[in-house]
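**Student:**
Residue numbers (UniProt numbering): 1 to 480.
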């Protein structure tokens, strides 16, 4: 059986990496608790042509959520919290913008993304010095919900940051220390970090890459996501994650020792509500639901539990098929790439006897290309709205100032060489006039509109940006 999985696999991986512009990758395959394949491919450093090794450390992004969920289940096993007790039982100060969610939200609700809070991703992006406690106790309440509580799936990294803070309040340890001592150590996971040094003088970390508009991979500076760590800050290797997969397929046991009560462990892999992260799917793979830190799908009728992860310049997938005791960990230093998901489908097809029936790399890339084209069209559409000959209402220096939102933080508008400039967290951008008091700026490869508003005294009083497109534009108030 192993031969049917592994025969020609290296060549297929290398070909797919070339076609999908993946600089480097690590792949580990686990069967019946044993690693049957462990290899590295491509480059850890493109510029210096340093080959990727199995020891290079890579970010796993949102795959970190499975560790946070397991930590919550471990504390529940010890009777220190309950999955279905309100968060305010343990954090009385916890508050969301929706009073119903504030009063009733439980660890389970946060774990399966059903609080009604949308992504609000640009709230934390490059906010390097944000503190987790400040986020949870002071800022969450100012982020608008767009769905009623428990009415649907709304992926939220902030809710996993809140779960990390819950772990700290209940255990008396930081989330990082708890994960180290209570999960990593018993499983022998010993090559990891919770942040990536930059620049990295040690050479331990793979460089991270995002292709530019012409498709040439450019190096990314690693994101600092300490406050959001429980949602996505773990960095490790595919071989280390193989131990995590074996633990999942062993019912929450480290060897013969149960770390998590069996009934609670089963909850981690049980769907709670329907979900969709990508706007395309395939008949061979049917989504079942979001569990607790994991997604659950059925691939050719067989249950698959997995979770992907993406950070700037890195992508990851941890996946396993519990009914067959097979799984894989796939890490790359490529930005937002579905290489890992496609490779996992190829591995499962080989195991199930469907090798060659479908090119999963082409299928996923076609879907992603269509999605990216649609997004690009939406982002460029703002320029098509321009009304010629409609100037701004004030001299440019009258827009200069500091603007604050209690959830999103501060925006600084400055004037240089007769152009407005904007600093938002560690993002620095030039601001271009569109028409009237509407301006634009580029962030993450797309255009964003910025609208200034005037107070009754005739002075610029606020600016608004649709950072979260599913709610009203976020209004930042000018400070005197």
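Virtual Cβ for every residue (Gly too), placed ideally from N, Cα, C. These numbers come from a predicted model, not from an experiment.
Restricting to Cα atoms, I'd like to know which of 156, 147, 246, 367 is closest to residue 189.
**Tutor:** 246
**Student:** Take residue 437 and list the residues in its own chain whose beta-carbon comes closer than 6 Å to its own, dropping the five residues that flank it on each side.
**Tutor:** Counting only Cβ-Cβ distances below 6 Å, and skipping sequence neighbours, we find 392, 393, 452.
**Student:** I'd like to know whether the C-beta atoms of residue 35 and residue 28 end up nearer to each other than 7 Å.
**Tutor:** Cβ atoms of residue 35 and residue 28: closer than 7 Å.
**Student:** Rounding to the nearest angstrom, what Cα-Cα distance links residue 201 and residue 336 in this structure?
**Tutor:** Roughly 26 Å separates the two Cα atoms.
**Student:** Our contact map puts residue 98 next to residue 149 with C-beta atoms below 8 Å; I'd like the distance itself, whole angstroms only.
**Tutor:** 6 Å
**Student:** Can you tell me where the beta strand (DSSP E) with residue 436 in it begins and where it stops?
**Tutor:** Premise fails: residue 436 is in no beta strand (DSSP E) and is neither H nor E.
**Student:** For residue 327 and residue 315, which I take to be in contact (beta-carbon distance under 8 Å), what is that distance rounded to the nearest angstrom?
**Tutor:** About 17 Å separates the two Cβ atoms, so there is no contact after all.
**Student:** Could you name each continuous alpha helix (DSSP H) segment of 4 residues or more that falls completely within the stretch 206-247, going from the start of the chain to the end?
**Tutor:** 229-232
**Student:** Apply the 10 Å Cβ neighbour rule to residue 349 and answer buried if 16 or more other Cβ atoms are within range, or exposed otherwise.
**Tutor:** Flag for residue 349 reads buried.
**Student:** Which stretch, first to last residue, makes up the beta strand (DSSP E) that contains residue 4?
**Tutor:** That residue, residue 4, is in no beta strand (DSSP E); its alpha helix (DSSP H) goes 2-6.
**Student:** Enumerate, from N- to C-terminal direction, the unbroken beta strand (DSSP E) stretches of 3 or more residues contained entirely within the stretch 298-356.
**Tutor:** Correct list: 302-311, 314-321, 326-332.
**Student:** Using the Cα positions of residue 344 and residue 279, report the straight-line distance between them to the nearest angstrom.
**Tutor:** 19 Å
**Student:** Tell me whether residue 182 sits in a helix, a strand or coil according to DSSP, three-state version.
**Tutor:** helix
**Student:** Decide yes or no for the touch test of the stretch 228-235 against the stretch 61-68: beta carbon pairs closer than 8 Å, at least 3 of them.
**Tutor:** yes
**Student:** Give a yes or no on whether the C-beta atoms belonging to residue 476 and residue 411 are separated by under 7 Å.
**Tutor:** yes
**Student:** Measuring straight from C-alpha to C-alpha, what distance separates residue 244 and residue 329?
**Tutor:** 9 Å
**Student:** In angstroms with no decimal places, state the Cα-to-Cα distance between residue 385 and residue 434.
**Tutor:** 9 Å
**Student:** Rounding to the nearest angstrom, what Cα-Cα distance links residue 287 and residue 276 in this structure?
**Tutor:** 8 Å
**Student:** Considering only DSSP beta bridges, list what residue 285 is partnered with.
**Tutor:** 282, 299
**Student:** In angstroms, rounded to a whole number, what distance separates the CA positions of residue 78 and residue 156?
**Tutor:** 27 Å
**Student:** Do residue 465 and residue 479 have their beta-carbon atoms positioned less than 7 Å apart in this structure?
**Tutor:** no
**Student:** Counting C-beta neighbours from all protein chains within 10 Å, is the total for residue 297 16 or more, i.e. buried, or is it exposed?
**Tutor:** buried
**Student:** Looking at the unbroken beta strand (DSSP E) that takes in residue 451, where does it start and where does it end?
**Tutor:** 446-454
**Student:** Hey, residue 126 and residue 333 are a contact pair by Cβ (cut 8 Å); roughly how many whole angstroms apart?
**Tutor:** In fact, because the Cβ distance is near 20 Å, the residues do not count as touching under 8 Å.
**Student:** Where residue 274 and residue 171 are concerned, what is the direct C-alpha to C-alpha distance, given to the nearest angstrom?
**Tutor:** 31 Å
**Student:** Name the one or two DSSP bridge partners that residue 42 has.
**Tutor:** Per DSSP, the beta-bridge partners of residue 42 are 24.
**Student:** Once you ignore the five residues that flank residue 265 on each side, which residues in its own chain have a CB closer than 7 Å to its CB?
**Tutor:** Cβ neighbours of residue 265 within its own chain (closer than 7 Å, five residues either side excluded): 73, 251, 252.
**Student:** Any chance you could list the alpha helix (DSSP H) runs of at least 4 consecutive residues sitting entirely within the stretch 85-116, in chain order?
**Tutor:** 99-104, 107-111
**Student:** Between which two residues does the beta strand (DSSP E) carrying residue 423 extend?
**Tutor:** 419-424
**Student:** Contact defined as beta carbons within less than 8 Å: I believe residue 53 pairs with residue 66. What is the distance between those atoms, to the nearest angstrom?
**Tutor:** That pair is no contact at about 25 Å.
**Student:** In the DSSP output, what is residue 542 paired with across the bridge?
**Tutor:** In the structure as shown, the chain begins at 1 and stops at 480. Residue 542 is therefore absent and cannot be evaluated.
**Student:** Where does residue 240 land, buried or exposed, given buried means 16+ other C-beta within 10 angstroms?
**Tutor:** buried
**Student:** Return yes when the Cβ of residue 207 is within less than 7 Å of the Cβ of residue 45, no when it is not.
**Tutor:** yes
**Student:** Sort 139, 174, 220 by Cα distance to residue 158 and report the nearest one.
**Tutor:** Residue 158 has its Cα closest to that of 139, out of 139, 174, 220.
**Student:** Kindly indicate which three-state DSSP category residue 156 falls into: helix, strand or coil?
**Tutor:** coil
**Student:** Please go through the same chain and pick out, in chain order, the residues whose beta-carbon is closer than 6 Å to the beta-carbon of residue 406, but skip the five residues on each side of it.
**Tutor:** Closer than 6 Å at the Cβ level, and outside the excluded window around residue 406, lie 142.
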